[in-house]
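First residue of the sequence shown: 16, per the working numbering; consecutive thereafter.
Here a beta-carbon is modelled for each residue, glycine too, at the ideal position from N, C-alpha and C.
Comments concern the structure below.
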Amino acid sequence: MKFQVAIAFFLIFIAVQKRGECQNRDSVITKVYDLQPESFGLKGGEETVYTFTEKSPEFPGGTGALFQFIKANTKCPQTAQKEKASGTILLKFIVEKNGLISGERILYGDRADFKREALKLVKLMPLWQPGSQNGKPLRTFMTVPVKFCYGGCKD
Numbered sequence: 016m017k018f019q020v021a022i023a024f025f026l027i028f029i030a031v032q033k034r035g036e037c038q039n040r041d042s043v044i045t046k047v048y049d050l051q052p053e054s055f056g057l058k059g060g061e062e063t064v065y066t067f068t069e070k071s072p073e074f075p076g077g078t079g080a081l082f083q084f085i086k087a088n089t090k091c092p093q094t095a096q097k098e099k100a101s102g103t104i105l106l107k108f109i110v111e112k113n114g115l116i117s118g119e120r121i122l123y124g125d126r127a128d129f130k131r132e133a134l135k136l137v138k139l140m141p142l143w144q145p146g147s148q149n150g151k152p153l154r155t156f157m158t159v160p161v162k163f164c165y166g167g168c169k170d
């Protein structure tokens, strides 16, 4: 069952990464701003943020550890518990060259309380291993789903 959940999260992760983004098929690296650069705090002349790199950013311990971290640190808001609400929030953020997280934004989600909790979760994350190309670290976008389940999510 855990294996099936991990596969489902991985497929969602891949689908979200490809959703709405253009891709230069001649290059491994693709410059993409699927939202306005200013919405991520980027100004003209700042260093590019990439969507695809040779080596993607990695949460310490890998994807399984990321989803364990999310599950362990996600708190269902009181208002959602009273309403027996569930939902999924899609977070997009930048993994900086030094592994710090910046520019966190909500791509999808319809409940304000879930959005606030998801943004709090990003601030708790440890340093990531940055994305890289030819061994050189690069600023890279990441998209991660955060699921809120009334009564707790099943494995």
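Asked	Found
Three-state secondary structure assigned by DSSP to Gly79	helix
Residue range of the unbroken alpha helix (DSSP H) whose run includes Gln93	93-98
Beta bridge counterpart(s) of Tyr123 as assigned by DSSP	Leu105
Top-ranked residue by Cα proximity to Ser101, from Arg126, Gly150, Ser147, Phe67	Arg126
For Arg154 and Lys112, the rounded distance between their alpha carbons	5 Å
Beta-carbon gap between Phe163 and Thr66 smaller than 8 Å	no
Presumed contact (8 Å Cβ cut-off) between Glu62 and Asn149, rounded CB distance	With a Cβ gap of about 16 Å, Glu62 and Asn149 do not count as contacting.
Identity of the residue in Cys91, Ile85, Gly146, Pro72 nearest Val137 by Cα	Ile85
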